[in-house]
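Trainee: Below: one structure in structure tokens.
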Amino acid sequence: MTSAGIDPTRPSIARVYDYWLGGKDNFASDRELADKIVKRLPQIPEMARANRDWIIRAVSFAVENGVRQILDVGCGLPTSGPGLPNVHEVAQSIAPETRVLYVDNDPIVQAHGRALLATNSHTQLEEGDLRELDKTLASLTFFDMSQPVLLLLAAVLHFFPDAGEREPYQLVRSIVEQLPAGSYLAITHAEDTPETRAVTGDYTAATSQLRSQEEVAAFFAGLELVEPGVVRLHEWHPRDDSPFNDPVTVLGGLGRKP
Ligand SMILES: C[S@@+](CC[C@H](N)C(=O)[O-])C[C@H]1O[C@@H](n2cnc3c(N)ncnc32)[C@H](O)[C@@H]1O
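Mapping of the sequence shown onto my numbering: residues -6 to 251, in sequence order.
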């Protein structure tokens, strides 16, 4: 264990995902697990890239529709692969004044993200836990909580089982209740299919839960879903020129608080 609380001998979700994206912030233990999963689900690196590309499209949509504050929880490592910029780079290329707060509970994200973000006063990174967000949201001074926020929960809710420590639907509802009208909720989530089911439990020692289209759509209760609703990522506002349009069994949706 390093002084920053990083244990290189135990794989972490953030570092395994970084490896699939072609990043360099991972250790042998992460690569070993990541390769083992690829053997059983060969399209998983493609799913990770499609996920990042969907985030770019959803962030662009929200910023083009006036949102200037983004809360990216379970943000992962600042992997900026070819054609896959980070959230703040996407948002601030459209509206430079957009404030982006990244939150993750893995100390590796804190250690590696700080340097990347040091030069940008509109972007911050904090160590924090999604399980506690409903209790800490009101104390966030980085945002003007009278103005809309895009809450981004990308590839994180599948680590929240229904029977876990925090019931995920109630958690998301209690966070969204605190956001002002006009805010957006963006979710990506691994879909429950026979292929994805084969690797559940491998990714991390943490429990995980795949969900169906209907189950992911239920996170948006009370929100107006942006068309075409909760669909597989390649079906949501695809860009003609994107190299990431191949079909993947990951679902995504964007909802607006009326
Ligand atoms: C698969 S990665 C996704 C990264 C990024 N959101 C994306 O979609 O590109 C999942 C991230 O969620 C983080 N995570 C898992 N459980 C969390 C929790 N309870 N609170 C905050 N972050 C969490 C992990 O550390 C990891 O960085």
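Ideal Cβ placement from N, Cα and C applies to all residues, glycine included.
1. When you measure from the CB of Arg45 to every non-hydrogen atom of ligand 1, does any distance come out below 7 angstroms?
2. Just reading off the beta strand (DSSP E) that His182 is part of, what are its end residues?
3. Using the Cα positions of Val223 and Glu208, report the straight-line distance between them to the nearest angstrom.
4. With a Cβ-Cβ cutoff of 8 angstroms, do Gln171 and Ala210 count as a contact?
5. Between Phe135 and Gln36, what straight-line distance do the alpha-carbon atoms span, to the nearest angstrom?
6. Going by C-alpha distance, which of Cys68, Ala104, Ile168 is nearest Glu125?
7. Rounding to the nearest angstrom, what Cα-Cα distance links Gly157 and Val165 in this structure?
8. So, at 7 angstroms on beta carbons, what are the nonlocal neighbours of Asp46 in its own chain, with the 5 sequence-adjacent residues on each side left out?
9. For Ala174, which residues of its own chain have a beta-carbon under 8 angstroms away from its beta-carbon, when the five flanking residues on both sides are left out?
10. Closest by CA to Ala88, which one among Gly67, Gly121, Gln206, Phe54?
11. Using CA coordinates, which residue listed in Asp137, Glu120, His81 is at the minimum distance from Thr112?
12. Hey, Leu178 and Gly248: beta-carbon distance below 8 angstroms or not?
13. What does Ala147 pair with, by DSSP beta-bridge criteria?
14. Whose C-beta lies closer than 8 angstroms to the C-beta of Thr189 among residues of the same chain, with five residues either side of it excluded?
15. Within 7 angstroms: the Cβ of Leu123 and any heavy atom of ligand 1?
16. Just to confirm my understanding: we take Leu14, look at its own chain, exclude 5 residues before and 5 after, and list those with CB closer than 8 angstroms. What are they?
17. For Pro240, is the classification buried or exposed, using 16 other Cβ atoms within 10 angstroms of its Cβ as the cut-off for buried?
18. Hey, is Ile6 close to ligand 1, as in C-beta under 7 angstroms from one of its heavy atoms?
19. Just tell me which of Thr91, Gly215, Gly67 has its CA closest to the CA of Gln103.
20. Exposed or buried, what is Gly215 when buried is set at 16 or more other beta-carbons lying within 10 Å of its beta-carbon?
Mentor: In short:
1. yes
2. 177 to 183
3. 10 angstroms
4. no
5. If I take the Cα positions, the gap works out to 38 angstroms.
6. The closest CA to that of Glu125, considering only Cys68, Ala104, Ile168, is found on Ile168.
7. 14 angstroms
8. Leu77, Ser235, Phe237
9. Here the set comprises Pro141, Lys250, Pro251.
10. Phe54
11. His81
12. yes
13. Thr181
14. Excluding residues within five positions, the ones whose Cβ falls inside 8 angstroms are Leu34, Ala183, Leu203, Thr242.
15. yes
16. Pro38, Ala41, Arg42, Arg45, Thr72, Gly74, Leu77
17. Exposed.
18. yes
19. Ranked by Cα distance from Gln103, the first of Thr91, Gly215, Gly67 is Gly67.
20. exposed
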